[in-house]
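**Student:**
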Amino acid sequence: MTLLKIEDLNKSFKALHILKGVNIEVNKGERHVIIGPNGAGKTTLFNCIYGTLPLSSGKVYLAGKRIDHIPSFKRTEKGMGRTFQKNNLFEELTVEENVRLAIMGKKKYRLNMFKPMQNYNDLAEECHRLLEEWEMTERRTVLVKELSYGEQRLLEIILSLSTNPEIILLDEPTSGMSPTETSRFVKLIKKIPDHITLVIIEHDMEVVFSLANKITVLHHGTAMMTASPEEIRGNQMIQEIYFGGGALSHD
Ligand SMILES: Nc1ncnc2c1ncn2[C@@H]1O[C@H](COP(=O)(O)OP(=O)(O)OP(=O)(O)O)[C@@H](O)[C@H]1O
Ligand SMILES: [Mg+2]
């Protein structure tokens, strides 16, 4: 089943035509990785899908329904998660407090005056479960500002999971991570249940090939090819452009 469909998407900034008729279909459960050189338009594509930027033309569908005219927060309500930027974490609060706030944000704890204690217990339980599941229990009392950069990014992903999204968009999650943090990230992503669909922009080819079951190559604002990792690896043109010339290296 197609969960996310991008149809003939164009995005211009004044005279600059950045995305040129992009068509991509993401199936439910897919780990769909978008690769392409710097400036290809990957982040712009995410901004258009998420509604941070208006499209110039084209359509975006989530589960068969058009979402390109609705605001970002409504896309979140419809199940579209995106990793928060670092400054969306509360740096002066602990890991645990951040997790609690994220859970409270998705539920209507604040508005329910009838069962406050029950809600509080549910909250504590869910928080505990999330911390255990994502191996953050030991770090629960640490202030977010004391976490390493990579740990903060991992926490962002955990928080985005706490809202039970249908689909999560991750823009270069491993950039700035140490090798240990990157392998922790890969492990974390592999634990995410199949019913949650992931679209990941990634430059680290080892990460790409260990996670992707579908890859789209975005090149000069066009989706040049969408295929299985095996096909991408075996494609002569992609080989020459990306792997031979090192065009995917991120520096
Ligand atoms: N708000 C904007 N106004 C004008 N030009 C923009 C704007 N945002 C992005 N661009 C341009 O659009 C092009 C694509 O940028 P984008 O950030 O989407 O690329 P990217 O593929 O994510 O690159 P990277 O791999 O470096 O993150 C770039 O040339 C960039 O300068
Ligand atoms: Mg980018």
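When you line the sequence shown up against UniProt numbering, it's residues 1 to 251, in that order. Glycine residues also receive a C-beta, built at the ideal position from the N, C-alpha and C atoms.
Give the DSSP-derived three-state secondary structure of L147 in the structure shown.
**Tutor:** For the purposes of this step, residue 147 is taken as residue 147 along the sequence shown, with counting starting at 1. It is coil, neither helix nor strand.
**Student:** Could you compute how far the alpha carbon of F13 sits from the alpha carbon of I201?
**Tutor:** Reading the sequence shown from its first residue, position 13 is the one you call residue 13. Reading the sequence shown from its first residue, position 201 is the one you call residue 201. Each residue's alpha carbon lies about 21 Å from the other.
**Student:** Provide the residue span of the alpha helix (DSSP H) that contains F90, from first to last.
**Tutor:** For the purposes of this step, residue 90 is taken as the residue at position 90 of the sequence shown. Where F90 is concerned, there is no enclosing alpha helix (DSSP H), given that its DSSP letter is neither H nor E.
**Student:** Can you tell me the Cβ-Cβ gap for E30 and N213, rounded? I've got them flagged as a contact below 8 Å.
**Tutor:** For the purposes of this step, residue 30 is taken as residue 30 along the sequence shown, with counting starting at 1. For the purposes of this step, residue 213 is taken as residue 213 along the sequence shown, with counting starting at 1. Yes, E30 and N213 are in contact; Cβ-Cβ is about 6 Å, under 8 Å.
**Student:** Is the CB-CB distance between N47 and L53 below 7 Å?
**Tutor:** Taking the sequence shown and counting its residues from 1, one reaches residue 47 at position 47. Taking the sequence shown and counting its residues from 1, one reaches residue 53 at position 53. Contact annotation: N47 and L53 have beta-carbon atoms nearer than 7 Å.
**Student:** I'd like to check one pair, R140 with L130: are the Cβ atoms closer than 7 Å?
**Tutor:** What you label residue 130 is simply residue 130 of the sequence shown in a count that begins at 1. What you label residue 140 is simply residue 140 of the sequence shown in a count that begins at 1. Taking 7 Å as the Cβ cut-off, L130 and R140 do not qualify as a contacting pair.
**Student:** Assign E172 to one of three DSSP states: helix, strand, or coil.
**Tutor:** Within the sequence shown, the letter at position 172 stands for residue 172. Residue state, collapsed to three classes: coil.
**Student:** In chain order, what residues of the same chain have a beta carbon less than 6 Å from the beta carbon of K42, not counting five sequence neighbours either side?
**Tutor:** Here residue 42 refers to the residue found at position 42 of the sequence shown. Closer than 6 Å at the Cβ level, and outside the excluded window around K42, lie I34, G36, I201, L218.
**Student:** Rounded to the nearest angstrom, what separates E91 and N38 at their Cα positions?
**Tutor:** Counting from one through the sequence shown, the residue named residue 91 turns up at place 91. Counting from one through the sequence shown, the residue named residue 38 turns up at place 38. So the alpha carbons of these two residues sit roughly 30 Å apart.
**Student:** Can you tell which of E96, L62, V95 has the C-alpha that lies nearest to the C-alpha of M80?
**Tutor:** As a working mapping, residue 80 is identified with position 80 in the sequence shown. The shortest Cα separation from M80 among E96, L62, V95 belongs to L62.
**Student:** In chain order, what residues of the same chain have a beta carbon less than 6 Å from the beta carbon of E181, not counting five sequence neighbours either side?
**Tutor:** In the sequence shown, counting from the first residue as 1, residue 181 sits at position 181. Answer for E181: G150, listed in chain order.
**Student:** In whole angstroms, what separates the C-alpha of I238 from that of E230?
**Tutor:** Start at 1 with the first residue of the sequence shown, and residue 238 comes out as number 238. Start at 1 with the first residue of the sequence shown, and residue 230 comes out as number 230. Their backbone Cα atoms lie some 12 Å apart in a straight line.
**Student:** Where does A124 sit, in a helix, a strand or coil, going by DSSP?
**Tutor:** For the purposes of this step, residue 124 is identified with residue 124 of the sequence shown, where counting begins at 1. A124 falls in the helix class under three-state DSSP.
**Student:** Classify N213 as helix, strand or coil using the three-state DSSP reduction.
**Tutor:** For the purposes of this step, residue 213 is identified with residue 213 of the sequence shown, where counting begins at 1. N213 carries a coil assignment under DSSP once its states are collapsed to helix, strand and coil.
**Student:** Rounded to whole angstroms, what is the Cα-Cα separation between S178 and M104?
**Tutor:** Translated into the one-based positions of the sequence shown, residue 178 becomes position 178. Translated into the one-based positions of the sequence shown, residue 104 becomes position 104. One C-alpha to the other measures close to 31 Å.
**Student:** Could you pull the start and end residues of the alpha helix (DSSP H) that Y50 belongs to?
**Tutor:** Translated into positions along the sequence shown, residue 50 becomes position 50. Where Y50 is concerned, the enclosing alpha helix (DSSP H) stretches over 42-50.
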